[in-house]
Structure formats: structure tokens, C-alpha cells
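Okay, so here's the structure we're looking at.
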Ligand SMILES: Cc1cc2nc3c(=O)[nH]c(=O)nc-3n(C[C@H](O)[C@H](O)[C@H](O)COP(=O)(O)OP(=O)(O)OC[C@H]3O[C@@H](n4cnc5c(N)ncnc54)[C@H](O)[C@@H]3O)c2cc1C
Ligand code: FES
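In this note's numbering, the protein residues as written are 9 to 261.
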């Protein structure tokens with residue numbers, strides 16, 4: 009884990025209420041695994057808000073990295089106001105990231121809402137290693153979808169909206185079944201109800217692909233000191249920040 013002041017390169021709107029901020033920091037960008045995260049101090053000085061906020065690596069390019077986030081409270085609102093040249097205190101990379109299969113795989117990514125953030129980094133890494141990737145994103149409505157241009161061109165991007173305003177209609181987990189014969193590995197990130205629905209879909213004959221998820225529990229410290237992110241799993245109590253955020257789906261749901 010490194011502690012650094014990352015320099016803001018740009019902040020751009022990504023979709024409804026969501027932003028992408030690019031940072032420069034060799035210490036934070038190098039040697040991360042997809043699925044790992046950084047803890048961001050969302051205050052210019054002092055300690056308000058006191059706790060740093062966790063964000064997944066969304067994209068990494070050499071010494072630069074991007075975070076994709078929705079504005080939900082004080083920390084994310086502060087982040088969205090950062091201008092090029094601003095310095096932001098962070099520490100990372102943290103947590104257990106994703107180890108892609110060694111052999112070429114057909115990888116299905118399933119993202120709910122801003123849970124899509126780490127799946128873009130994962131897709132870019134997977135494509136660069138020769139894997140086939142289908143990425144599915146579920147959102148409430150078309151304005152809340154990540155634009156197709158955010159993905160590498162090799163990725164097939166499938167969108168699902170609850171109101172049917174773009175892509176398929178319904179919940180993303182209702183459409184996962186169409187890809188299960190094709191997929192040999194599945195990774196997902198999103199809210200807990202999405203994971204529970206995914207487990208119901210996969211519980212039958214799709215256990216063989218050993219689906220893995222990235223959990224987004226509240227994380228006050230991010231590195232195993234406060235026990236604020238403890239979750240119950242089939243292998244006992246685990247810390248989401250240190251033992252995760254990657255977990256086998258069926259260990260938790
Ligand atoms: C490992 C990890 C990776 C994450 N990656 C991303 C990411 O890439 N992009 C992104 O937008 N968000 C991500 N999150 C969630 C992000 O950390 C929170 O949205 C952020 O801390 C909110 O800070 P805030 O000060 O703006 O909001 P607060 O004022 O702290 O809270 C505002 C609202 O958001 C809710 N909230 C806060 N944290 C969480 C959480 N972890 N899960 C669900 N609801 C929460 C609160 O209950 C409250 O209703 C991640 C969380 C974890 C644990
Ligand atoms: S966030 Fe403190 S132990 Fe996990």
C-alpha cells in the first residue's frame with residue numbers, strides 16, 4: 009500500500025450524476041490488480057469528512073488512473089469539483105483484486121449501476137490477455153448507462169434498463185441466462201440484491217464457472233484496522249477490505 013498525493017488531470021461527466029476523474033500518481037497506478045481500490049481523503053485540509061472514501065480503479069494507463077463515481081454525498085460531491093492540478097490524498101492499491109484465468113476464457117461481466125466502474129479496468133486487462141469479453145450493465149434508465157465508448161472495441165456491451173428506454177428491458181440478472189452457455193467465467197459488481205438474484209440464476213448448473221463478485225461494503229479504514237466492513241460468509245466472518253473485495257459469489261450469497 010502506498011500513500012500519495014495524486015494530481016488531478018481532468019474531471020468529466022460520465023452519465024447522469026456520474027463523473028470520471030483522471031489522476032497522475034505512479035505510486036497508486038502501478039502494480040494494481042483489477043478489482044482493487046483506493047481510499048480517497050475527500051477534503052482539502054483538515055479531517056472533514058473524517059473517513060477516506062473507497063473507490064475502485066476504473067481505468068489505468070501507465071502512471072495515470074481514473075475513478076468513476078456517482079455523486080451520493082459530501083465526499084463524492086467534493087471529488088466532482090476537483091480541477092486539473094488539484095492534489096488529492098489517497099492510499100492504495102488495497103484489497104484482493106481479480107486474477108484472470110491463465111487459459112483463454114469467455115468472460116461475462118455483470119455490473120449494476122456504478123458497480124460497472126471496476127469492470128472496465130477488468131475488461132481492458134482481459135482483452136489485452138486475449139480473453140473474449142461480454143459486459144452487461146443494468147441501470148434504471150438510459151441516462152444512467154455508461155456510454156459504449158468507455159469500453160475497449162473488442163468488448164460486446166449489452167445494456168439493460170428497468171424502464172426499457174435503452175437496450176433490453178428489466179433487471180440485468182433476468183438476461184444473464186442468455187450468455188451462460190457461452191461464458192466460462194463470470195465476474196460481477198453491484199448492489200447486494202443484484203448479487204442475490206445472480207446467485208439464484210447461477211445456482212443450478214453454472215456453479216462450474218465459480219463466479220466471483222466485488223463487494224462494496226462501507227469501509228471506514230480500508231486496510232483491516234477497524235473491522236467496520238466485516239461480513240458473514242460460508243467460510244466465517246471476513247473483512248471486505250482485506251479478505252475481499254473479491255469473493256466467490258457462493259461464499260456470500
Ligand atoms: C471497495 C469499494 C469500491 C467502491 N468503488 C466505487 C466506485 O468505483 N464508484 C462509486 O461511485 N462508488 C464506489 N464505492 C462506494 C463509495 O465508496 C461511496 O459511494 C462513497 O463512499 C460515498 O461517499 P460520500 O461522502 O459521497 O457519501 P456519504 O455521505 O458517505 O453517503 C451518502 C449515501 O451513500 C451511501 N453509501 C455510502 N457508502 C456506501 C457504500 N459503500 N455502499 C452503499 N451505499 C453507500 C450512504 O448510506 C448514504 O446514503 C465503493 C465502495 C467500496 C467499499
Ligand atoms: S474497512 Fe476497516 S477493517 Fe475493513
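Heads up, the beta-carbon is just placed ideally off N, CA and C, and yes, glycines get one too.
Model, not experiment: these values are computed from the prediction.
Cβ-heavy atom distance, residue 102 to ligand 2, below 6 Å: Mapped onto the chain shown, residue 102 falls at position 94. No, the Cβ of residue 102 stays beyond 6 Å of every heavy atom of ligand 2.
Bounding residues of the beta strand (DSSP E) (the contiguous stretch that carries residue 126): If you number the chain shown from 1, residue 126 lands on position 118. Counting along the chain, residue 126 falls outside any beta strand (DSSP E), though it belongs to the alpha helix (DSSP H) covering 125-136.
Residue 21 beta carbon less than 7 Å from that of residue 129: Start at 1 with the first residue of the chain shown, and residue 129 comes out as number 121. Start at 1 with the first residue of the chain shown, and residue 21 comes out as number 13. In this structure, residue 21 does not lie closer than 7 Å to residue 129 by Cβ.
Own chain residues within Cβ distance below 7 Å of residue 78, not counting five before or after: One-based indexing of the chain shown puts residue 78 at position 70. 25, 26, 84, 122, listed in sequence order.
N-terminal and C-terminal residue of the alpha helix (DSSP H) that residue 201 is part of: On the chain shown, position 193 is the one that residue 201 refers to. 200-210 is the extent of the alpha helix (DSSP H) around residue 201.
For residue 65, three-class secondary structure by DSSP: Numbered from its first residue, the chain shown carries residue 65 at position 57. In this structure, residue 65 counts as coil in the three-state DSSP scheme.
Residue 144, buried or exposed, once every other Cβ within 10 Å from all chains shown has been counted against 16: Sequence index remark: in the chain shown, residue 144 carries index 136 (1-based). Counting Cβ neighbours within 10 Å, residue 144 comes out buried, since at least 16 surround it.
For residue 253, the three-state DSSP class (helix, strand or coil): For the purposes of this step, residue 253 is taken as residue 245 along the chain shown, with counting starting at 1. The answer is strand: DSSP assigns residue 253 an E or B state.
Buried or exposed (CB count within 10 angstroms, at least 16 for buried), residue 138: By 1-based counting over the chain shown, the position of residue 138 is 130. That one is exposed.
Residue 38: CB within 6 Å of a non-hydrogen atom of ligand 1: Reading the chain shown from its first residue, position 30 is the one you call residue 38. For ligand 1, not one heavy atom lies less than 6 Å from the Cβ of residue 38.
Classification of residue 235 by the beta-carbon crowding that lies within 10 angstroms, buried from 16 upward: If you number the chain shown from 1, residue 235 lands on position 227. So residue 235 counts as exposed.
Residue of 247, 117, 171, 164 minimising C-alpha distance to residue 193: In the chain shown, counting from the first residue as 1, residue 193 sits at position 185. When only C-alpha atoms are compared, the closest one is 117.
Residue 247 CB to nearest heavy atom of ligand 2 below 6 Å: Here residue 247 refers to the residue found at position 239 of the chain shown. For ligand 2, at least one heavy atom lies less than 6 Å from the Cβ of residue 247.
Alpha helix (DSSP H) segment containing residue 82, residue limits: Position 74 of the chain shown, counted from the first residue, corresponds to residue 82. Element bounds for residue 82: 82-88.
Contacts around residue 17, its chain only, beta-carbon distance under 7 Å, and the 5 residues preceding and following it disregarded: Taking the chain shown and counting its residues from 1, one reaches residue 17 at position 9. Answer for residue 17: 30, 31, 32, 72, 92, listed in chain order.
Entirely enclosed beta strand (DSSP E) segments - the region 212-241, minimum 3 residues: 220-222, 238-241
Three-state secondary structure (DSSP) of residue 260: Here residue 260 refers to the residue found at position 252 when the chain shown is read from its first residue. Residue state, collapsed to three classes: helix.
Span separating the alpha-carbon of residue 149 from that of residue 120: For this step, residue 149 is matched to residue 141 along the chain shown. For this step, residue 120 is matched to residue 112 along the chain shown. For residue 149 and residue 120, the distance between alpha carbons rounds to 12 Å.
Under the three-state DSSP convention, the category residue 192 falls into: Stepping through the chain shown from its first residue, residue 192 is reached at position 184. Here residue 192 sits in coil by DSSP.
Residue 36: first and last residue of the uninterrupted alpha helix (DSSP H) it sits in: On the chain shown, position 28 is the one that residue 36 refers to. From DSSP, the alpha helix (DSSP H) with residue 36 extends over 34-37.
Nearest-angstrom Cα separation, counted from residue 55 out to residue 164: By one-based count along the chain shown, residue 164 stands at place 156. By one-based count along the chain shown, residue 55 stands at place 47. So the two alpha carbons sit approximately 43 Å from each other.
As assigned by DSSP and simplified to three states, the class of residue 181: Numbered from 1 along the chain shown, position 173 holds the residue referred to as residue 181. Reduced to three states, the DSSP call for residue 181 is helix.
For review: beta carbons within less than 5 Å of any heavy atom in ligand 1: 45, 61, 62, 63, 64, 77, 78, 80, 81, 82, 83, 84, 122, 125, 224, 226, 227, 253
Where residue 18 falls: helix, strand or coil (DSSP): In the chain shown, the residue the question calls residue 18 occupies position 10. Of the three classes helix, strand and coil, the one that applies to residue 18 here is strand, per DSSP.
Closest by C-alpha distance to residue 198, when choosing among 70, 170, 127: On the chain shown, residue 198 is found 190 positions in, with the first residue counted as 1. Checking every option, the nearest Cα to that of residue 198 belongs to 127.
Buried versus exposed, by CB contacts within 10 Å (16 or more), residue 171: Here the question's residue 171 lines up with position 163 in the chain shown. Exposed: under 16 other Cβ atoms inside 10 Å.
Residue closest to residue 226, alpha-carbon to alpha-carbon, out of 136, 217, 124, 59: Working through the chain shown from its first residue, we reach residue 226 at position 218. Minimum Cα distance to residue 226 is reached at 59.
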